[in-house]
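In order, the protein sequences belong to chains L and R.
Note that the working numbering has the first sequence beginning at 4, numbered continuously upward.
Note that the working numbering has the second sequence beginning at 4, numbered continuously upward.
Worksheet: the structure to be examined is printed underneath.
There are 2 protein chains.
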Amino acid sequence: MSQAPAVEAIGIDVGGTFLKAARVGGDGRLRAHIELPVSKGSADDLLRQMQEAVRRLEDAGAAQAVGVGLPGIVDASTGRLYNAPNVPALNGLDVGRELGRRTGRPCFAENDANAAALAEAWMGAGRGAARLLFVTLGTGVGGALVFDGRIWGGTSGYAGEVGHLQADPKGLPCGCGSWGCVETIAGVPGWERRARRALAGRESLLKDAPLLDPATVVGAARDGDPVALEVVDEAAAAVAVGVASALNLLNLDRVVIGGGVARAGDFLLARIVEQTRRRTFPHVFADAEFRLPDLGSDAGVVGAARVGMLGVPARAAS
Amino acid sequence: MSQAPAVEAIGIDVGGTFLKAARVGGDGRLRAHIELPVSKGSADDLLRQMQEAVRRLEDAGAAQAVGVGLPGIVDASTGRLYNAPNVPALNGLDVGRELGRRTGRPCFAENDANAAALAEAWMGAGRGAARLLFVTLGTGVGGALVFDGRIWGGTSGYAGEVGHLQADPKGLPCGCGSWGCVETIAGVPGWERRARRALAGRESLLKDAPLLDPATVVGAARDGDPVALEVVDEAAAAVAVGVASALNLLNLDRVVIGGGVARAGDFLLARIVEQTRRRTFPHVFADAEFRLPDLGSDAGVVGAARVGMLGVPARAAS
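Quick look at the structure:
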């Protein structure tokens, strides 16, 4: 049994609906945690809520640092949050600095997908890997790169956008300004749109489904429904274009595919892996191990706490 | 004026036709150089030729180290050369070790595109950049990543294959085993094939061209020929899919586009840049500076010498 190091940090995961916070040990385990509906009225409301969470989690003593996972891009040079439609009050704010001022603790903010990737790299499905790609399949398709236990943010912290690689040159416009991105096909709205189209005039288990979400489609595909299988395979191929591009470019040793859609589990993962194999050099494919995440819904707070522990160098000097 | 450091290394660039070797100073300048038809009979012939080149370049005194650029993949863990159709005699060989044994100097081998990229990063168009993508447009489309002055080889040294990202999901089979790769469109044979197809039944300056190579096609496009412009723009779009993927994934600060095809100069570069802009996040695009190479045909030997100077850490601990 390994001894838990004394280092403890507080991780805060700010989502569009809930704010989760936890005190996390150097062994990656949660010592205490809080979950609250997020205060979205103003930046001040939300910062006060975070400050209060830190105070409550420090009942057992001061934490070494605080890390915050935010649903947007944290600019590496300014520390400011951008592209955060789910917490508009925080847009443009240097959350790390503001919360640091309020709590008196070293506070560091990071994009939430980056934080979750860091958690998986630290204590989850990315453990032991030196070069990890983490993909989140949800409404959007996000991603993060973790090299040697640190986030690869690139020049300004915008790296990892595997969902916005072009998978279809004749594809639909994407919210990012480009078109035919992986996300336009493999994001949740893409599943529904493609399922409707595939269903037209055909018999299928999906015909009377109340919702054409990925879980429903994957369920029908598992039961052998040809229409559903088509829809699954289109998504798998699109994700594979992104993953294969990352592999041929970076010769990575681990790929972790998470997010809500990935809860479809091995059935979808196996198809993504096979489509990736077809698009990569054999030796490049052989170097990469594919996994589903280990940490589940704790990844956000564990990763945020890890951001706090690592401080600014949570990002490599990239 | 800066003082040249005393460090000097020998760089050897082994091509399919010529072997170039040079003694290079710590200032990146050539002190002496040799160019010979490459001895391709056997591994022993070629190694003896390299050994002899080192001996001749050491007339002025022993060099600190020797670096060799090879037209294939140098496996990071074994040091062995793979995928080298132009120098089949060396396939499977640990060239660094063999040449080291013969010369008594520390010898290090590296893929030639990686070496050229390292040279540009060190003393050329990549100078001052922390995160460089180097693209070579030739018969094939190659690439290399240089982070903080060192090659990013990935797990086994196979990283950088920007030419084998999928640009067209309905595209032609590629030599790499995948299909629709950037290289199938933007490699020299792709230019010719697409020009023939575009010409069918149309008036064009290209109609009586003896050769439909990139230089001819770009020349006609420059003169406003609509058929030639189509062919150029298809190539530019394919390269842009690769470059944009690298930028959205890695948020790089420099892209250098070299190789024979890129000698078409700013006309082609400007089109690649514009097509890349359309496929990247605005802030990601803004972070990247695009350039043509500075070093010309010396990049191979300068980069190989730099490999020698850096030794094993020519590659980042990636």
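Glycine residues also receive a C-beta, built at the ideal position from the N, C-alpha and C atoms.
Bear in mind the structure is a predicted one, so any value in this text is a computation, not a measurement.
Query, Result
"From L:204, L:226, L:227 and L:193, residue whose alpha carbon lies closest to that of residue 215 of chain L", "L:193"
"Reduced DSSP secondary structure (H/G/I, E/B, other) of residue 4 of chain L", "Any reading at residue 4 of chain L is ruled out, since the residue's pLDDT is 45, under 50, leaving its predicted position unreliable."
"Where residue 182 of chain R falls: helix, strand or coil (DSSP)", "strand"
"Status (buried if at least 16 other CB within 10 Å, exposed otherwise) for residue 45 of chain L", "exposed"
"Within chain L, partners of residue 162 of chain R - CB distance below 7 Å", "252, 253 and 254"
"Nearest-angstrom Cα separation, counted from residue 183 of chain R out to residue 173 of chain R", "6 Å"
"Status (buried if at least 16 other CB within 10 Å, exposed otherwise) for residue 227 of chain L", "exposed"
"Contact set between residue 137 of chain R and chain L, taken where Cβ atoms lie within less than 8 Å", "None at all; the shortest Cβ gap to chain L is about 12 Å."
"C-alpha distance - residue 6 of chain R paired with residue 28 of chain R, whole-angstrom precision", "Only weak support exists for where residue 6 of chain R lies, its pLDDT of 49 falling under 50; the value from the coordinates is given anyway. Each residue's alpha carbon lies about 11 Å from the other."
"For residue 209 of chain R, the three-state DSSP class (helix, strand or coil)", "coil"
"Short Cβ contact (9 Å threshold) for residue 128 of chain L with residue 269 of chain L", "no"
"Residues of the region 262-287 of chain R whose Cβ lies closer than 8 Å to any Cβ of chain A, in chain order", "Included in the structure are the protein chains L and R, with no chain A among them."
"Backbone CA spacing between residue 48 of chain R and residue 42 of chain R [nearest angstrom]", "6 Å"
"Residue range of the unbroken beta strand (DSSP E) whose run includes residue 139 of chain L", "134-140"
"Supposed contact pair residue 170 of chain L and residue 188 of chain L - C-beta distance, whole angstroms, cut 8 Å", "6 Å"
"Secondary structure, alpha helix (DSSP H): runs of 4+ residues fully inside the region 46-74 of chain L", "46-60"
"Same chain only: Cβ atoms within 6 Å of residue 225 of chain R, ignoring 5 sequence neighbours per side", "270"
"8 Å Cβ cut-off: residues of chain R touching residue 36 of chain L", "Going along chain R, no residue has its Cβ under 8 Å from residue 36 of chain L, so there is no contact; the nearest lies around 32 Å."
"Unbroken alpha helix (DSSP H) run spanning residue 293 of chain L, endpoints", "Here residue 293 of chain L belongs to no alpha helix (DSSP H); instead the beta strand (DSSP E) covers 292-294."
"Nearest-angstrom Cβ-Cβ length linking residue 264 of chain L and residue 191 of chain L, presumed shorter than 8 Å", "7 Å"
"Buried/exposed call for residue 229 of chain R, threshold 16 Cβ in 10 Å", "exposed"
"Cβ pair count under 8 Å reaching 3, the region 157-166 of chain L against the region 282-291 of chain L", "no"
"Boundaries of the beta strand (DSSP E) in which residue 16 of chain R is found, first to last residue", "11-17"
"Where residue 164 of chain L falls: helix, strand or coil (DSSP)", "coil"
"Range of the contiguous alpha helix (DSSP H) that encloses residue 1 of chain R", "In this structure chain R extends from 4 to 321, so residue 1 of chain R is not present and cannot be described."
"For residue 68 of chain R and residue 34 of chain R, believed in contact at Cβ under 8 Å, the rounded distance", "Not confirmed; about 14 Å, so no contact."
"Beta bridge counterpart(s) of residue 150 of chain R as assigned by DSSP", "R:134 and R:153"
"Residue 321 of chain L to residue 201 of chain R span [Cα, whole Å]", "In this predicted model, residue 321 of chain L has a pLDDT of only 48, less than 50, meaning its place in the structure is not dependable enough to derive any value."
"Residue 157 of chain R: contacting residues in chain L (beta-carbon distance under 9 Å)", "134, 250, 252, 253, 254, 255, 256, 287 and 290"
"Counted within 10 angstroms of its Cβ, other Cβ atoms place residue 277 of chain L as buried (16 or more) or exposed", "exposed"
"Interface residues of chain R facing residue 171 of chain L [CB-CB closer than 7 Å]", "172"
"Cβ separation of residue 138 of chain R and residue 110 of chain R, assumed to be a contact under 8 Å, to the nearest whole Å", "Rounded, the Cβ-Cβ distance is 28 Å, inconsistent with contact."
"Beta carbon of residue 63 of chain R nearer than 9 Å to that of residue 12 of chain R", "no"
"From L:256, L:76, L:309 and L:274, residue whose alpha carbon lies closest to that of residue 221 of chain L", "L:274"
"Any C-beta of chain R under 9 Å from that of residue 165 of chain L", "yes"
"Alpha-carbon to alpha-carbon, residue 235 of chain R and residue 253 of chain R", "26 Å"
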